[in-house]
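Everything in the sequence shown is counted per my numbering, starting at 109 for the first residue and increasing by one.
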Amino acid sequence: MKVLVTGGTGALGYHILSSLYRDSIELHSFSDELPQPWQKVEGVQYHTGNLLDFQEMLEQIKQIQPDHVYHLASQSSVGISYKKPFETLSTNLLGTQNLLEAIRQVVPKAKTLLLSSSEIYGRTSELLTRLHKETDLPNPLTPYATSKACMELLGNQFRNAYGLHIVIVRPFHFTGPHHSRRFAIPSITNQLVRIKKYGAEPVVISGSLDISRDIVDVRDVARGTIQILNSAESGEIFNICSGSSYTFRELVDLLVEIADVDVDFFFDPNLERTNEIPLLIGNPEKILNIGWKPMISIEDCLSDLFNEMVVRNRMERSLKK
Numbered sequence: 109m110k111v112l113v114t115g116g117t118g119a120l121g122y123h124i125l126s127s128l129y130r131d132s133i134e135l136h137s138f139s140d141e142l143p144q145p146w147q148k149v150e151g152v153q154y155h156t157g158n159l160l161d162f163q164e165m166l167e168q169i170k171q172i173q174p175d176h177v178y179h180l181a182s183q184s185s186v187g188i189s190y191k192k193p194f195e196t197l198s199t200n201l202l203g204t205q206n207l208l209e210a211i212r213q214v215v216p217k218a219k220t221l222l223l224s225s226s227e228i229y230g231r232t233s234e235l236l237t238r239l240h241k242e243t244d245l246p247n248p249l250t251p252y253a254t255s256k257a258c259m260e261l262l263g264n265q266f267r268n269a270y271g272l273h274i275v276i277v278r279p280f281h282f283t284g285p286h287h288s289r290r291f292a293i294p295s296i297t298n299q300l301v302r303i304k305k306y307g308a309e310p311v312v313i314s315g316s317l318d319i320s321r322d323i324v325d326v327r328d329v330a331r332g333t334i335q336i337l338n339s340a341e342s343g344e345i346f347n348i349c350s351g352s353s354y355t356f357r358e359l360v361d362l363l364v365e366i367a368d369v370d371v372d373f374f375f376d377p378n379l380e381r382t383n384e385i386p387l388l389i390g391n392p393e394k395i396l397n398i399g400w401k402p403m404i405s406i407e408d409c410l411s412d413l414f415n416e417m418v419v420r421n422r423m424e425r426s427l428k429k
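Right, here's the structure in full:
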C-alpha cells in the first residue's frame with residue numbers, strides 16, 4: 109500500500125508517518141519545504157512543491173499513485189490568517205481543490221482524509237456549556253475557520269459529484285512533541301527551555317492564558333486519524349477530542365513545574381487574537397464509539413513536548429556551528 113501525507117513535516121504528519129512506518133507500506137510526504145533533521149521519519153520519501161500549482165500536484169499524484177491520502181497541508185495559524193487572509197483561503201481551499209482534482213483524475217479509488225478544525229464551530233449562545241457535535245452547523249469567526257469550513261464543502265462536492273472516498277476530521281486543540289513553535293504552548297515551552305538550558309532572561313512572553321480548550325496529545329490525534337481513514341465510511345465527519353478542557357494558564361503552570369524554573373510573565377497584546385473563543389470543547393461520543401480514546405495524559409504530553417524541545421534546540425544550535 110502507498111500512503112501520501114501532505115504537510116508531512118508538521119507535528120501531526122510526523123506522528124502519522126511514524127505510526128504507519130512498516131515494511132508493507134510505502135510512505136510519502138509532500139510539503140513546501142524539506143524536513144529539518146528533527147522532522148524526518150525513517151523510511152519516508154519526502155517530496156516538495158507548491159500545493160497551488162495544479163500541474164505539479166498532478167505529476168506528484170501520478171508519480172506516487174497513493175492508496176491513502178492524509179491531507180494535512182494548510183496555513184494552520186489562526187493569528188496568521190488575520191494578517192494573510194488571501195494566502196490562508198488560497199492554500200486551504202484552492203490547494204485542496206488541486207489535490208482532489210489530481211486524485212480524481214489519477215487515483216479515484218483512493219481513500220482521502222481532509223483535516224478540518226474545531227475552529228469552524230466558532231461561538232454559540234451556549235458559550236460555557238456547549239460540547240460541540242459533528243452535526244453542529246459551522247459558525248466561523250476567523251479567516252482560518254472559514255477556509256476550513258469551505259474546504260469541507262469542497263470535499264463534499266468531490267464526494268457527491270465524482271464518488272471520491274472522503275472523510276473529514278475536526279481535531280480540537282492538540283500539542284505534544286514536534287509541535288511548531290508558531291503555536292502558543294510550544295512557543296512558551298521553547299522559551300522555558302531557553303531559560304532552563306541556556307540562561308535566557310526568566311521572562312515568558314505570551315498572549316492571553318485565560319482561554320480554555322479541549323486538548324489532546326498529538327500522538328493520540330494521529331492514532332485517531334489513522335483509525336478513521338482505515339475504517340470510516342465516505343462522508344463521515346469525526347471530532348477528535350476528550351470532552352473536557354484546560355485553561356492555557358493551567359497548561360503553562362504544568363510546563364513551569366516541568367522546567368523547574370522561576371519565571372515572570374509578560375502579556376503581549378499583539379499575541380491576543382481578535383474574536384477569541386473563551387471556551388471550546390468537543391463531544392467525543394462518535395469517535396469513542398469506534399474504539400478510540402485519549403491514552404496520553406496532559407502531564408506526559410507536556411513533559412514529552414519539553415524534552416523534545418530540548419533536543420530540537422540542541423540540534424538547531426549544532427547545525428548553526
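Beta carbons: idealized from backbone N, C-alpha and C, even for Gly. Nothing here was measured: the structure is a model prediction, and the numbers come from that model.
Just verifying my parser: in three-state terms, what is the DSSP assignment at residue i?
{"i": "residue 291", "result": "coil"}
{"i": "residue 134", "result": "strand"}
{"i": "residue 139", "result": "strand"}
{"i": "residue 301", "result": "helix"}
{"i": "residue 177", "result": "strand"}
{"i": "residue 214", "result": "helix"}
{"i": "residue 129", "result": "coil"}
{"i": "residue 405", "result": "coil"}
{"i": "residue 192", "result": "coil"}
{"i": "residue 428", "result": "helix"}
{"i": "residue 149", "result": "coil"}
{"i": "residue 159", "result": "coil"}
{"i": "residue 187", "result": "helix"}
{"i": "residue 182", "result": "coil"}
{"i": "residue 206", "result": "helix"}
Which residues in the same chain as residue i place their Cβ atom closer than 6 Å to its Cβ, once the five residues preceding and following it in sequence are excluded?
{"i": "residue 313", "result": "374 and 376"}
{"i": "residue 166", "result": "210"}
{"i": "residue 170", "result": "214"}
{"i": "residue 299", "result": "312"}
{"i": "residue 302", "result": "308"}
{"i": "residue 255", "result": "196, 197, 200 and 201"}
{"i": "residue 426", "result": "none"}
{"i": "residue 414", "result": "297 and 366"}
{"i": "residue 189", "result": "196, 250, 251 and 252"}
{"i": "residue 181", "result": "114, 115 and 159"}
What distance in whole Å lies between the Cβ atoms of residue j and residue i, which are believed to be in contact at a cut-off of 8 Å?
{"i": "residue 391", "j": "residue 351", "result": "6 Å"}
{"i": "residue 200", "j": "residue 213", "result": "Not quite, the Cβ-Cβ distance comes to about 21 Å (not below 8 Å), so this is no contact."}
{"i": "residue 218", "j": "residue 275", "result": "The pair is not a contact, with the Cβ atoms about 12 Å apart (cut-off 8 Å)."}
{"i": "residue 150", "j": "residue 129", "result": "7 Å"}
{"i": "residue 333", "j": "residue 277", "result": "6 Å"}
{"i": "residue 369", "j": "residue 310", "result": "6 Å"}
{"i": "residue 117", "j": "residue 147", "result": "5 Å"}
Taking the continuous beta strand (DSSP E) assigned at residue i, which residues delimit it?
{"i": "residue 396", "result": "Taken as a continuous stretch (DSSP letters only), residue 396 belongs to no beta strand (DSSP E), being part of the alpha helix (DSSP H) at 393 to 396."}
{"i": "residue 390", "result": "387 to 390"}
{"i": "residue 156", "result": "152 to 156"}
Ordered along the chain, which non-local residues of its own chain (more than five positions away) have a Cβ less than 8 Å from that of residue i?
{"i": "residue 411", "result": "366"}
{"i": "residue 335", "result": "398, 399 and 400"}
{"i": "residue 318", "result": "355, 356, 357 and 386"}
{"i": "residue 173", "result": "110, 214 and 215"}
{"i": "residue 292", "result": "314, 315, 356 and 379"}
{"i": "residue 343", "result": "264, 267, 274 and 275"}
How far does the alpha helix (DSSP H) with residue i in it reach, from first residue to last?
{"i": "residue 171", "result": "162 to 172"}
{"i": "residue 112", "result": "Element bounds for residue 112: not the alpha helix (DSSP H) but the beta strand (DSSP E), 110 to 114."}
{"i": "residue 280", "result": "No alpha helix (DSSP H) contains residue 280, which DSSP labels as neither H nor E."}
{"i": "residue 117", "result": "From DSSP, residue 117 is part of no alpha helix (DSSP H); its letter is neither H nor E."}
Residues in its own chain within less than 7 Å of residue i by CB, not counting five upstream and five downstream?
{"i": "residue 241", "result": "391"}
{"i": "residue 404", "result": "325, 327 and 328"}
{"i": "residue 168", "result": "138, 155 and 157"}
{"i": "residue 259", "result": "200, 201, 204, 222 and 224"}
{"i": "residue 206", "result": "159, 160, 162 and 165"}
{"i": "residue 187", "result": "381"}
{"i": "residue 416", "result": "285 and 286"}
{"i": "residue 124", "result": "113, 178, 330, 333 and 334"}
* Which parts of the region 217 to 275 are runs of the alpha helix (DSSP H), unbroken and 4 residues or longer, counting only runs that do not cross its ends? -> If we require 4 residues or more, the alpha helix (DSSP H) runs fully inside the region 217 to 275 come out as 251 to 270.
* Residue ranges of each alpha helix (DSSP H) within the region 309 to 380, 4 or longer -> 326 to 339 and 356 to 367
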